[in-house]
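Numbering (the working numbering), first residue to last: 1419 to 1539. Cβ atoms here follow ideal geometry from the backbone N, Cα and C, with glycine treated the same way.
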Amino acid sequence: MPRILIIDDEEDFRKLLRAILEQAGFEVLEAPDAPSGFALFQENLVDLLVVDLVLPKVSGVDFIHRLRFRFPDAKIIALSGGGPMDFDLLAAARVLGAHRAFLKPFKQSELLAAINELVPV
């Protein structure tokens, strides 16, 4: 069963996304920030990361940049949540190595299609 790591500081969003992904047949890990997400990534075999770009401590953009430098094969989907700078953040995330980028709120079917393309169940 493919394993997905969600890194997002909004607990309610993580719980909702976890339920969606588990129902779709994925195992899910969660982290509220980039440092704890990186620790989980190093401790577990993770097939895909779903990373919010606005995080405490270390931004999601910086996290993606650092992760891709150390783990160039990591599969990443970036998310951002509706602020005025979000389109710029999503573009930066794609340049730095995110395979897909979505603006919150997004269609569940579009996110699942992107995940299944990157990590088939």
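Practice item. Starting from valine 1537, follow its DSSP beta bridges and name the residues at the other end. Key: Translated into the one-based positions of the sequence shown, residue 1537 becomes position 119. When DSSP reads this structure, valine 1537 sits in no beta bridge, so it has no partner.
Exercise for review: Find the nearest neighbour of serine 1461 within the set Leu1471, Leu1473, Pro1474 and Leu1447, judged by alpha-carbon distance.
Suggested key: Here residue 1461 corresponds to residue number 43 of the sequence shown, with the count starting at 1. Note that residue 1461 corresponds to glutamate in the displayed sequence, not to serine. Minimum Cα distance to glutamate 1461 is reached at Leu1447.
Review point. Within 10 angstroms of its Cβ, does serine 1498 collect 16 or more other Cβ (buried), or is it exposed?
Key: Counted from its first residue, the sequence shown places residue 1498 at position 80. By the neighbour-count rule (16 or more Cβ atoms within 10 Å), serine 1498 is buried.
Check your understanding: Can you tell which of Met1419, Asn1534, Lys1522 and Val1537 has its C-alpha closest to the C-alpha of leucine 1471?
Key -> To locate residue 1471, count along the sequence shown from 1; it is residue 53. Of the candidates Met1419, Asn1534, Lys1522 and Val1537, the residue whose Cα lies closest to the Cα of leucine 1471 is Lys1522.
Check your understanding: Counting pairs of Cβ atoms below 8 Å between the region 1507-1521 and the region 1451-1460, do you hit three or more?
Key -> With the cut-off at 8 Å, the region 1507-1521 and the region 1451-1460 do not touch.
**Study point:** Sequence-distant residues of its chain with Cβ nearer than 7 Å to alanine 1516 (five each side left out)
**Key:** Residue numbering aside, residue 1516 sits at position 98 when the sequence shown is read from its first letter. For alanine 1516, the CB contacts under 7 Å within the same chain, skipping 5 residues up- and downstream, are Ile1482, Ile1494, Ile1495 and Ala1496 in chain order.
**Study point:** CB contact flag (leucine 1473, aspartate 1427, <8 Å)
**Key:** Position 55 of the sequence shown, counting from 1, holds the residue named residue 1473. Position 9 of the sequence shown, counting from 1, holds the residue named residue 1427. A contact, by the Cβ cut-off of 8 Å.
Exercise for review: Round the Cβ separation of alanine 1452 and isoleucine 1424 to the nearest angstrom and send it over; I've been treating them as touching at under 8 Å.
Suggested key: As a working mapping, residue 1452 is identified with position 34 in the sequence shown. As a working mapping, residue 1424 is identified with position 6 in the sequence shown. In fact, because the Cβ distance is near 12 Å, the residues do not count as touching under 8 Å.
Check your understanding: Exposed or buried, which one is valine 1469 when buried takes at least 16 other CB atoms within 10 Å?
Key -> For the purposes of this step, residue 1469 is taken as residue 51 along the sequence shown, with counting starting at 1. Valine 1469 is classed as buried because its beta carbon has at least 16 other beta carbons within 10 Å across all chains shown.
Review point. Considering phenylalanine 1487, what are the terminal residues of the alpha helix (DSSP H) in which it resides?
Key: On the sequence shown, position 69 is the one that residue 1487 refers to. Boundaries of the alpha helix (DSSP H) around phenylalanine 1487: 1478-1488.
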